[in-house]
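Structure, as structure tokens:
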Amino acid sequence: MVHFWYEPTDIQKAARIFQVGRQWRDVLHFISPNLHELRVISRFFGISVTQDTDWEAEARRIADRLSEHIPVIVTTLGPQGVLVTRGASGNEPFYDEDGKLTIANSSVLSRLYPAEEKNATKSGEVLSVSGCGDCLAAGVIYGIHRNLDESDCILVGLRAAALSLKSFDAVPPTLEAVLSINGDKSRFDR
Numbered sequence: 093m094v095h096f097w098y099e100p101t102d103i104q105k106a107a108r109i110f111q112v113g114r115q116w117r118d119v120l121h122f123i124s125p126n127l128h129e130l131r132v133i134s135r136f137f138g139i140s141v142t143q144d145t146d147w148e149a150e151a152r153r154i155a156d157r158l159s160e161h162i163p164v165i166v167t168t169l170g171p172q173g174v175l176v177t178r179g180a181s182g183n184e185p186f187y188d189e190d191g192k193l194t195i196a197n198s199s200v201l202s203r204l205y206p207a208e209e210k211n212a213t214k215s216g217e218v219l220s221v222s223g224c225g226d227c228l229a230a231g232v233i234y235g236i237h238r239n240l241d242e243s244d245c246i247l248v249g250l251r252a253a254a255l256s257l258k259s260f261d262a263v264p265p266t267l268e269a270v271l272s273i274n275g276d277k278s279r280f281d282r
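Spelled out as structure tokens, the structure:
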């Protein structure tokens, strides 16, 4: 069975995948909404949403509840970074050796990974946000296929997203440099 990652494209379409019926339950492992899309998806599942000026706290509350339906939630929070919510720690890969989703804890854990582009945003180097979420997802998926742990997968994704911000192209030509890691964790420069 093929499992998939859902990257919502906007708030108007964010919940559509869930409206087609329950067949998504067997194949959907990941979603990567921004906070606005997370709110829409949560409302679809009947989760009440109270907007908060603290984006991270709001995203944690919503994602914790939403994790009853979706195993891995990667919420993009713009310049604050990415919040990952799942039932495993950050030093574990997303899948085990048998290709099964890693769910090590009965409780859901959320971790905030700071954005790589904070320096770019401060210095005015941001040329376009178009493609940033797609590049993040591509980088994380690349890390998953290399069997990297969660924190390294997210690091690859954040670096890919940061490159996207510094390019007018949705997928920057420099993306290949981030994806040339070959699964060697020692090559990460933290």
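Quick note: the sequence shown uses this note's numbering, first residue 93, plus one each step.
Ideal Cβ positions, reconstructed from N, Cα and C, are used throughout, including at glycine.
Roughly how many whole angstroms lie between the Cα atoms of residue i and residue j?
{"i": "glutamine 172", "j": "leucine 204", "result": "8 Å"}
{"i": "isoleucine 109", "j": "glutamate 160", "result": "17 Å"}
{"i": "asparagine 211", "j": "glycine 225", "result": "Because the pLDDT at asparagine 211 is just 48, under 50, the model does not fix this residue reliably, and the value given afterwards should be weighed accordingly. Computed Cα separation, rounded: 18 Å."}
{"i": "leucine 255", "j": "isoleucine 233", "result": "16 Å"}
{"i": "threonine 194", "j": "valine 174", "result": "19 Å"}
{"i": "serine 134", "j": "leucine 257", "result": "28 Å"}
{"i": "leucine 130", "j": "histidine 121", "result": "15 Å"}
{"i": "phenylalanine 137", "j": "glutamate 217", "result": "38 Å"}
Given a cut-off of 8 Å, decide if residue j and residue i are closer than it, judged by their beta-carbon atoms.
{"i": "aspartate 244", "j": "glycine 231", "result": "no"}
{"i": "alanine 107", "j": "valine 141", "result": "no"}
{"i": "leucine 247", "j": "serine 124", "result": "no"}
{"i": "proline 163", "j": "arginine 153", "result": "no"}
{"i": "glutamate 208", "j": "arginine 251", "result": "yes"}
{"i": "valine 176", "j": "serine 202", "result": "yes"}
Quick one: does the C-beta of residue i sit closer than 7 Å to a heavy atom of the ligand SAM?
{"i": "phenylalanine 137", "result": "No copy of the ligand SAM appears in this structure; indeed no ligand is present at all."}
So what does residue i bridge to, in DSSP terms?
{"i": "leucine 175", "result": "Thr167, Leu204"}
{"i": "leucine 193", "result": "Tyr187"}
{"i": "asparagine 126", "result": "Thr168"}
{"i": "phenylalanine 96", "result": "Leu120"}
Just to confirm my understanding: we take residue i, look at its own chain, exclude 5 residues before and 5 after, and list those with CB closer than 6 Å. What are they?
{"i": "aspartate 144", "result": "Glu150"}
{"i": "glycine 275", "result": "Only weak support exists for where glycine 275 lies, its pLDDT of 46 falling under 50; the value from the coordinates is given anyway. Closer than 6 Å at the Cβ level, and outside the excluded window around glycine 275, lie Arg238."}
{"i": "isoleucine 103", "result": "His128, Glu129, Val132"}
In its own chain, which residues sit with a C-beta less than 7 Å from the C-beta of residue i, not counting the 5 before and 5 after it?
{"i": "leucine 169", "result": "Leu127, Trp147, Glu148, Ala151, Leu175"}
{"i": "alanine 196", "result": "Gly179, Ala180, Ser181, Glu184"}
{"i": "threonine 156", "result": "In the sequence on display, residue 156 carries aspartate and not threonine. Only Thr177, Val200, Ser202 meet the Cβ criterion."}
So residue i packs on residue j, CB below 8 Å; how close in whole Å?
{"i": "proline 206", "j": "leucine 240", "result": "No, proline 206 and leucine 240 are not in contact; Cβ-Cβ is about 18 Å, not under 8 Å."}
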